[in-house]
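Enquirer: Protein sequence lines correspond, in order, to chains P and W. Residue numbers for the first sequence follow the UniProt record's numbering, beginning at 1 and rising by one. Residue numbers for the second sequence follow the UniProt record's numbering, beginning at 1 and rising by one.
Protein chains: 2
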Amino acid sequence: MAEDQTAEEIIAEGDYVLDRDTVAPVLNAVREGDSDALIAAFDPLHPADIADLLEQVDDDTRVRMVQLYGQEFDGDILSELDEGVREEVIAALHPEVLAEAVRDLESDDVVDLIEDLEDEQQNLILDALAVSDRVAVEQSLSYPEESAGRLMQREMVAAPEHWDVGHVIDHMRAHDDLPGQFYHVILVDPRMRPTGYVTLGRIMSAARTTPMRDLVEDSFRTIPVTQDEEDVAYAFNQYHLISAPVVDEDDRLVGVITIDDAMAILDEEHEEDILRLAGVGEGSLSDRVVETVRARLPWLAVNLVTAILASLVIDQFETVIAGFVALAVLMPIVASMGGNAGTQSLTVAVRALATKDLTSSNLWRVIRREVAVGFVNGAIFAIAMGAVGALWFSTPMLGVVLAAAMIINLVIAGLAGVLVPVVLDKLKIDPALASGAFVTTVTDVVGFFAFLGLAAVVLL
Amino acid sequence: MAEDQTAEEIIAEGDYVLDRDTVAPVLNAVREGDSDALIAAFDPLHPADIADLLEQVDDDTRVRMVQLYGQEFDGDILSELDEGVREEVIAALHPEVLAEAVRDLESDDVVDLIEDLEDEQQNLILDALAVSDRVAVEQSLSYPEESAGRLMQREMVAAPEHWDVGHVIDHMRAHDDLPGQFYHVILVDPRMRPTGYVTLGRIMSAARTTPMRDLVEDSFRTIPVTQDEEDVAYAFNQYHLISAPVVDEDDRLVGVITIDDAMAILDEEHEEDILRLAGVGEGSLSDRVVETVRARLPWLAVNLVTAILASLVIDQFETVIAGFVALAVLMPIVASMGGNAGTQSLTVAVRALATKDLTSSNLWRVIRREVAVGFVNGAIFAIAMGAVGALWFSTPMLGVVLAAAMIINLVIAGLAGVLVPVVLDKLKIDPALASGAFVTTVTDVVGFFAFLGLAAVVLL
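#1: Tell me the rounded alpha-carbon separation between residue 2 (chain P) and residue 364 (chain W).
#2: Give the DSSP-derived three-state secondary structure of residue 197 (chain P) in the structure shown.
#3: Within this structure, are the beta carbons of residue 80 (chain W) and residue 150 (chain W) separated by less than 9 angstroms?
#4: Cα-Cα, which of W:47, W:386, W:224, W:105 is closest to residue 333 (chain W)?
#5: Just the Cα atoms here: how many angstroms apart are residue 203 (chain W) and residue 264 (chain W)?
#6: Short of 6 angstroms in beta carbon distance, which residues of its chain neighbour residue 420 (chain W), apart from the five on each side in sequence? Order them along the chain.
#7: Can you pull the chain W neighbours of residue 140 (chain P), defined as C-beta to C-beta under 9 angstroms?
#8: Verify the CB distance criterion: does residue 453 (chain P) have a CB-CB separation below 9 angstroms to chain W?
#9: Can you name the residues that DSSP bridges to residue 223 (chain W)?
#10: Spatial neighbours of residue 90 (chain W) within its chain, please: CB distance less than 6 angstroms, with the 5 preceding and 5 following residues excluded, ordered by chain position.
#11: Per DSSP, residue 421 (chain W) forms a beta bridge with which residues?
#12: Counting only C-beta atoms, is residue 1 (chain W) closer than 9 angstroms to chain P at any point?
#13: For residue 86 (chain W) and chain P, any beta-carbon pair shorter than 9 angstroms?
#14: Look up residue 164 (chain W) in the DSSP assignment and say whether it is helix, strand or coil.
#15: Give me whichever residues DSSP pairs with residue 354 (chain P) in a beta bridge.
#16: Let me know the beta strand (DSSP E) ranges lying completely inside the stretch 100 to 142 of chain P, each 3 residues or longer, listed in chain order.
#17: Check distances from the C-beta atoms of the stretch 361 to 372 of chain P to those of chain W and list, in chain order, the residues that come in under 7 angstroms.
#18: So, using beta-carbon positions, are residue 459 (chain P) and residue 398 (chain P) closer together than 9 angstroms?
#19: Which chain W residues are close to residue 237 (chain P), counting only those with a beta carbon under 8 angstroms from its beta carbon?
#20: Expressed to the nearest angstrom, what Euclidean distance is found between the alpha-carbon atoms of residue 257 (chain P) and residue 221 (chain P)?
#21: Considering only the beta carbon of each residue, do residue 444 (chain P) and residue 278 (chain P) sit closer than 9 angstroms?
#22: By DSSP, does residue 93 (chain W) sit in helix, in strand, or in coil?
#23: For the alpha helix (DSSP H) containing residue 366 (chain P), name the first residue and the last one.
#24: Ends of the alpha helix (DSSP H) at residue 75 (chain P)?
#25: Taking 9 angstroms as the CB-CB limit, is residue 192 (chain P) close to chain W?
#26: Does the beta carbon of residue 331 (chain W) come closer than 9 angstroms to any beta carbon on chain P?
#27: Can you have a look at residue 455 (chain P) and say buried or exposed, based on whether 16 or more other CB atoms are within 10 angstroms of its CB?
#28: List the residues of chain W that residue 271 (chain P) touches, going by C-beta distances under 9 angstroms, in chain order.
#29: Could you list which residues in chain B have their beta carbon closer than 8 angstroms to that of residue 314 (chain W), in chain order?
#30: DSSP three-state call for residue 396 (chain P): helix, strand or coil?
#31: Counting only the same chain and skipping the five closest in sequence on each side, list residues whose C-beta sits under 7 angstroms from that of residue 104 (chain P).
#32: In angstroms, rounded to a whole number, what distance separates the CA positions of residue 140 (chain P) and residue 40 (chain W)?
#33: At a Cβ threshold of 9 angstroms, is residue 299 (chain W) touching chain P?
#34: Can you find the residues in the same chain that come closer than 8 angstroms, C-beta to C-beta, to residue 410 (chain W), ignoring five residues on each side of it along the sequence?
#35: Determine the DSSP secondary structure at residue 325 (chain W), reduced to helix, strand or coil.
#36: Taking three-plus beta-carbon pairs below 8 angstroms as touching, is the stretch 35 to 55 of chain W in contact with the stretch 91 to 100 of chain W?
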């Protein structure tokens with residue numbers, strides 16, 4: 001407890017943070033094994049908040065929490081959980097509670113829930129579904145991972161394109177199984193190909209005799225069922241879509257994607273980019289030490305190879321360094337500045353590729369700009385560091401060498417910072433994943449080589 | 001042209017990328033000064049795509065494009081443009097075209113458009129608006145920057161809470177000035193305080209006599225008008241909101257925020273985080289060299305100070321290095337591995353703070369995990385590098401020193417990687433902005449000090 005109090009003091013509380021007032025009654029209920037108190041404490045919480053809380057507590061507390069919550073456990077909580085924790089929670093749930101929990105979910109939520117589970121857990125959940133839902137889920141799972149087909153819901157509202165507003169309203173009134181969330185009525189031709197859509201707001205404000213065709217939105221776009229979900233999220237954000245019909249290869253309507261799902265994907269893709277740029281693969285805060293070590297080790301191994309390469313360069317100049325130890329003192333500055341400048345350029349390039357802003361129209365201009373920026377920044381720091389180097393070690397030529405190496409390395413950093421991600425992207429490798437290692441290898445090797453090589457020529 | 005062709009070969013084309021077939025007719029029209037051809041080429045494009053194209057071409061082409069497009073220029077294009085380019089385009093637009101363009105925008109789009117403009121351009125646009133719109137925009141501008149008040153639209157549909165479905169539908173039919181996009185009817189009490197909302201889908205499928213009160217959604221949440229837009233975006237993503245009423249300090253309804261705006265904010269905030277983590281402040285691909293230099297220089301300057309600090313540490317061990325040059329060869333490895341491990345930890349921590357997943361409930365457990373991960377990874381690489389160091393320079397004790405320094409630095413990296421962002425967050429400094437510099441300072445200084453210090457004790 002004393003430990004938690006201190007944590008409370010360190011962590012800044014803010015809006016929507018699970019604060020002590022929320023968490024304390026839950027933890028008390030778990031400690032006392034009081035099922036009713038736990039249910040009461042969870043009652044005002046959104047499933048997403050309950051899921052966050054389950055992620056934040058330790059393993060034992062989590063299992064006890066799930067067991068005490070019992071019958072009340074809601075399928076939406078499972079949807080909101082991180083993968084690792086999700087598997088644990090499913091294992092801790094009583095099979096009947098699990099079956100009950102998933103039965104209320106929409107088909108796209110079930111797909112999202114089970115696509116990353118082990119086969120055994122997947123079957124457990126599929127068996128719990130009604131036959132029609134099960135078929136829908138299995139069909140969605142037949143589409144490629146991370147495709148629009150996995151993301152879409154099959155529940156939707158479509159109408160023949162020749163209907164009028166009154167016809168549509170009567171039709172909707174007659175059906176009580178409308179989707180939980182829908183924002184458009186999709187117009188389809190006789191072969192079920194979407195030809196437009198009308199917002200509910202327009203339908204409601206139009207006269208009953210208005211043809212639906214007269215109310216269609218300009219923003220209408222269909223999404224191919226095999227499209228990558230990252231592109232789907234891009235389309236929603238770029239074109240301000242609220243929902244979009246998904247079509248198969250014959251352009252026939254097979255589902256609908258709504259903006260909330262697209263927003264969740266946008267969020268995940270960003271998260272992935274940030275973590276990949278930092279050399280952290282997948283991973284969440286609730287992963288255990290072993291999982292975290294396993295996720296980060298490969299990146300550190302790549303960095304080790306990079307670092308050894310740089311060391312091999314330094315090794316070539318051992319006699320130079322032995323003759324002039326100041327070089328050993330100053331050489332990390334050149335490499336470090338190059339690494340930072342390279343990271344700046346590559347991050348801008350990786351983002352621009354992700355947002356489709358770096359294209360053949362502006363590639364050369366961007367490269368020229370990065371090189372120019374590298375040169376200008378290099379020159380500015382060359383003057384500063386040249387002076388420092390010259391004064392610190394009372395050797396003017398050392399300052400000149402440092403300055404020249406700085407300019408060379410920052411220009412190379414700008415060039416590599418754009419070219420490496422662009423080439424990786426062309427090779428269909430995620431530039432966020434691999435650019436960092438390549439670019440810092442370049443700036444380390446060039447930095448040490450330029451600095452020590454120039455020193456060997458000029459100073460000895 | 002030859003240059004562009006090569007760019008075409010380097011850049012991977014994909015979905016939603018502005019490809020040559022789209023761009024070529026536009027550039028041809030500009031080159032030939034053919035206004036009609038340009039209008040025809042732009043006709044099938046979404047304003048967001050026209051904006052992207054304006055960002056990607058060079059300055060001269062952009063100005064000519066804007067002038068040739070003339071009267072057809074749409075206000076939505078302005079909304080979609082990056083800030084820097086936006087100012088240029090506004091300056092290039094004929095005042096009458098500009099006035100016409102902004103008049104069709106919703107109030108929240110006008111606010112978004114002008115809030116970052118210079119006073120002169122801001123007034124130009126405000127003057128173009130109808131008086132009622134101008135008042136609405138000025139009122140929104142009176143709320144703090146990056147608050148819900150700036151983000152919300154004032155166009156909304158509200159109804160007294162005692163109405164039934166038929167009453168609402170008749171009311172909507174009678175009004176032809178309904179907002180362009182709306183998804184809920186907000187129920188308000190007599191003092192205009194929102195008490196719930198009903199989706200349009202539910203209204204349409206319910207009988208006319210159903211009380212609205214019976215149809216309200218569980219997901220209902222209000223947003224305080226002063227709430228930070230980052231928190232607004234978080235709430236939409238966390239609670240799967242589609243729209244949310246915005247309330248003033250007396251809980252009275254003042255506007256509505258819709259998910260598409262929240263999605264755009266989420267995207268911007270992520271972009272900002274990624275760029276800040278990489279030491280790139282604001283900035284876009286269309287910035288000029290001078291602007292880019294200015295944005296990146298401060299970060300490189302901070303890094304320079306960091307690097308000099310590390311050099312000062314090395315300087316303390318000049319005689320040790322002079323006696324044993326292998327130390328100079330190997331020392332960057334220790335610093336580099338520490339820097340990478342620290343960046344991994346800090347990125348995870350910065351993200352977890354942004355997503356509100358790092359709280360007082362799990363801070364200590366996360367710190368313990370990061371330290372443990374640092375130790376395990378450190379130990380693994382210690383063995384590998386210890387062997388390399390010992391064999392490379394035929395000095396077993398050098399291997400031992402390298403291994404020990406590696407473990408120390410990776411443990412410290414894990415600790416600093418969590419604590420630095422958490423403390424910065426507590427101090428209300430964006431951890432994405434400053435963590436990197438602090439953490440790499442720590443890992444550089446500790447890395448060099450541990451390695452060279454141990455070497456001084458053990459090897460000499």
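Note that beta-carbon positions come from the ideal geometry of N, C-alpha and C, so glycine has one too. On a predicted model such as this, the values are computed, not experimentally measured, just so you know.
Expert: In this structure, then:
#1: Bear in mind that a pLDDT of 46 at residue 2 (chain P), under 50, signals an unreliable position, so the model cannot answer this.
#2: In this structure, residue 197 (chain P) counts as strand in the three-state DSSP scheme.
#3: no
#4: W:386
#5: 28 angstroms
#6: 435, 438, 439
#7: Neighbours of residue 140 (chain P) on chain W: none; closest Cβ ~19 angstroms, over 9 angstroms.
#8: Between residue 453 (chain P) and chain W, the shortest Cβ-Cβ separation is not below 9 angstroms.
#9: W:246
#10: Excluding the 5 residues flanking it on each side, residue 90 (chain W) has same chain C-beta neighbours closer than 6 angstroms at 121, in chain order.
#11: Its beta-bridge partners do not exist; DSSP assigns none.
#12: Any answer about residue 1 (chain W) is weak, because its pLDDT of 44 lies below 50 and its placement is not dependable; what the coordinates show is given next. Residue 1 (chain W) is outside the set of residues whose beta carbon lies under 9 angstroms from a beta carbon in chain P.
#13: no
#14: strand
#15: Answer is none; residue 354 (chain P) lacks a bridge partner.
#16: You should have found no qualifying run.
#17: 361, 362, 363, 364, 365, 366, 369, 372
#18: Taking 9 angstroms as the Cβ cut-off, residue 459 (chain P) and residue 398 (chain P) qualify as a contacting pair.
#19: 263, 264, 267
#20: When rounded, the distance between both Cα atoms is 11 angstroms.
#21: no
#22: coil
#23: 363 to 392
#24: Start and end: 75 to 80.
#25: Not closer than 9 angstroms to any Cβ of chain W, the Cβ of residue 192 (chain P) fails to qualify, so no.
#26: yes
#27: buried
#28: 270, 351, 355
#29: Among the chains of the structure shown, chain B does not appear; the protein chains present are P and W.
#30: helix
#31: 75
#32: 40 angstroms
#33: yes
#34: 337, 338, 341, 374, 375, 377, 378, 381
#35: coil
#36: Segments in contact, no.
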